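Mapping to my numbering: the sequence shown position 161 is 224, numbers consecutive.
For every residue, glycine included, the Cβ atom is placed at its ideal position computed from N, Cα and C.
Model, not experiment: these values are computed from the prediction.
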Amino acid sequence: MSDSTKSNLNIHKTLNANSSRQAITRLIHPDKTIPDGFQSVQPPVYRASTVFFASTQAMRQRHWQDDYDYGYGLHGTPTTYALADRIAELESGEYCILAPSGLSAISLVNLTFLQQGDEVWLPNNVYGPNKDLIKQLQTQFGLDYYLYDPLNADSFQPSSKAKLIWLEAAGSVTLEFPDLVGLVQKAQAANVLTVLDNTWGAGQAFCPFDFSDQHLSVDMSVHALTKYPSGGADLLMGSIVTRQRNLHLAVLRMHALHGIGVSGDDAERMIRSLPSMPLRYAQQDHSTRELAHWLRQQDCFVQVLHPALPHAAGHQYWQQVCGSNNRAAGLVSVQFKPEFSLQQVDEFCDALQLFKLGYSWGGPVSLVMPYQLQHMRQLDHDSTGILVRFCIGLEATTDLIFDLEQALYKTLN
Ligand SMILES: Cc1ncc(COP(=O)(O)O)c(C=O)c1O
């Protein structure tokens, strides 16, 4: 407003400068402010939709591409940015975007990078809902998807339309460790984006941005923080980590367009669980291997699936990538001999007492889930017999073994 406009305005003053504000206003704008400088172990929880700007100039200067954009609560708060920084650290990446679940992180990647006519490649043991989503996108937007065998890099045959390959190490349920080195090398040669579902590795088993002695890197790592980082089986969240700013900004744009975010309370709970995560992961790994060895001694199974076991599918690739850390997640599956019916295997699962029937992993309670592979795989190596996956919690291994023993005895004898 120019000075001349200002002087022509006739503004009525009804109150003098000393009038105190009404009580209702002072409840909203208190006279006293709490001093800064309080320090505690956990960061404070910021909850916001509205975020104040110091001035119109500050409001106009902010940009959605800013690393810590304090523009609207949905896009980030100090609490969610603190968590994002820690997840980037956990996976040795540079940038991290948080999503409300692991599946929404997967979905964001697909919706950011895939367009009509593109070709996308999925491992045949991919996390099922990712494949369901791709099928939906195929119907709605007309893209092509292909399945490859994660143990055979030659089965990945990208055409010039190939845009993105999903990698999963180890694969969902059947736990084959893929030929990560061969697949990433092939994708890089064909200029195909590499995206790893790193929920199993969780930043503990190997570094997605620098693995094998050839220092390979994937382009993006997606992590269902719901599992190990949460650790309590009571918190859902996902992340997308990369070292490449252009990829980060592309996902960030789609994230904003979707109107999704995570709450400060959930972020703080996740931050609280992170320090114990490496210890929990190591403990669950240790217990799972003990159980895997015990399971191998039982003669009701065709095979015990765990990538650190020497006979397991993809063991050599696990060694190549995870050998130096010697880490594996707390998951082990068994394939029952074909003579056991689905009903018998269901009865075995129901007879377990400490193992609860439920999805997900990484929590304190051990879980069990039966699967019929023929409904899940297209390129099975050997899909006869029912498969049961165990997710090992934090109970004493001897108690878990006793539980398995009593259930096997009760139902299969
Ligand atoms: C390998 C893998 N990726 C992603 C997800 C999705 O995570 P969320 O349950 O947080 O959506 C899961 C969940 O089971 C999973 O097992």
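Distance CB(residue i)-CB(residue j) smaller than 7 Å
| i | j | result |
| --- | --- | --- |
| E231 | P186 | yes |
| C159 | A145 | no |
| I197 | Y208 | yes |
| S302 | L288 | yes |
| V325 | L161 | yes |
| L342 | S396 | no |
| A371 | A391 | yes |
| P106 | T140 | no |
| M340 | P401 | no |
| V431 | Q398 | no |
| Y135 | V114 | yes |
| P192 | I323 | no |
| S486 | L463 | The chain is shown only over 64 to 476; residue 486 falls outside these bounds and no answer can be derived. |
| C363 | L238 | no |
| W424 | K290 | yes |
Candidates the options: closest to residue i by CA position
| i | options | result |
| --- | --- | --- |
| A459 | P373, K290, P427 and P341 | P427 |
| I150 | P213, D195 and V304 | V304 |
| L358 | L394, S326 and E331 | L394 |
| D130 | R308, I334 and D466 | R308 |
| Q248 | L436, D273 and G205 | D273 |
| R110 | Y133, N261, A121 and Q199 | Y133 |
| V189 | W229, Q178 and L177 | W229 |
| Q128 | N215, N173 and A313 | A313 |
| M283 | L298, M300, K290 and L310 | L310 |
| K334 | V367, Q361, M300 and E353 | Per the sequence shown, the amino acid found at residue 334 is Ile instead of Lys. Nearest option by C-alpha distance: M300. |
| E468 | Q382, Q360 and L298 | Q360 |
| S218 | A250, L298 and Q407 | A250 |
| Q346 | H278, A414 and I455 | I455 |
| E154 | S82, L337, P433 and Q383 | L337 |
| H278 | A414, S83, Q178 and C385 | C385 |
Distance between residue j and residue i (C-alpha atoms, nearest Å)
| i | j | result |
| --- | --- | --- |
| Q416 | H369 | 23 Å |
| W263 | P271 | 12 Å |
| L243 | Y380 | 7 Å |
| G245 | P373 | 20 Å |
| S222 | V285 | 24 Å |
| R306 | H321 | 23 Å |
| L137 | K226 | 30 Å |
| F411 | G294 | 26 Å |
| H75 | Q85 | 20 Å |
| G180 | L256 | 16 Å |
| A355 | L457 | 15 Å |
| Q482 | G448 | Outside the displayed span of the chain (64 to 476) sits residue 482, for which this structure offers no information. |
| A268 | Q220 | 28 Å |
| Q201 | P213 | 22 Å |
| A233 | P241 | 7 Å |
| Q441 | Q124 | Confidence at Q441 is low in this model, with a pLDDT of 47, below 50, so its placement is unreliable and no value can be given for it. |
| F465 | N389 | 27 Å |
| T461 | G266 | 28 Å |
| F403 | Y422 | 23 Å |
| A375 | K419 | 26 Å |
| M317 | L171 | 7 Å |
| N254 | D260 | 19 Å |
| S387 | L405 | 39 Å |
| G494 | E182 | The requested residue 494 is not part of the displayed model; the chain covers only 64 to 476. |
| K473 | Q437 | 27 Å |
| G377 | S103 | 45 Å |
| S167 | T77 | 55 Å |
| D443 | A117 | Low confidence applies here, because D443 scores a pLDDT of 45, under 50, leaving its location unreliable; read the following figure in that light. So the alpha carbons of these two residues sit roughly 60 Å apart. |
| E331 | D348 | 26 Å |
| I169 | L298 | 17 Å |
| D413 | A319 | 44 Å |
| S82 | H126 | 39 Å |
Residue i, buried or exposed, once every other Cβ within 10 Å from all chains shown has been counted against 16
| i | result |
| --- | --- |
| T96 | exposed |
| G100 | exposed |
| A296 | buried |
| S350 | buried |
| D276 | exposed |
| F453 | buried |
| R89 | exposed |
| F176 | buried |
| Y211 | buried |
| M122 | exposed |
| S67 | Caution is warranted here: a pLDDT of 49 is assigned to S67, below 50, making its placement in the model unreliable, and no coordinate value can be reported. |
| I91 | exposed |
| I87 | exposed |
| Q71 | Rather than Gln, the amino acid found at residue 71 in this sequence is Asn. Exposed, by the Cβ-count rule. |
| G205 | exposed |
| S235 | buried |
| A216 | buried |
| D195 | exposed |
| L328 | At residue 328 the sequence reads Asp, which differs from the Leu that was named. By the neighbour-count rule (16 or more Cβ atoms within 10 Å), D328 is not buried but exposed. |
CB contact below 7 Å: residue i versus chain B
| i | result |
| --- | --- |
| G456 | The chain labelled as chain B is not found in the depicted structure, where only one protein chain is given. |
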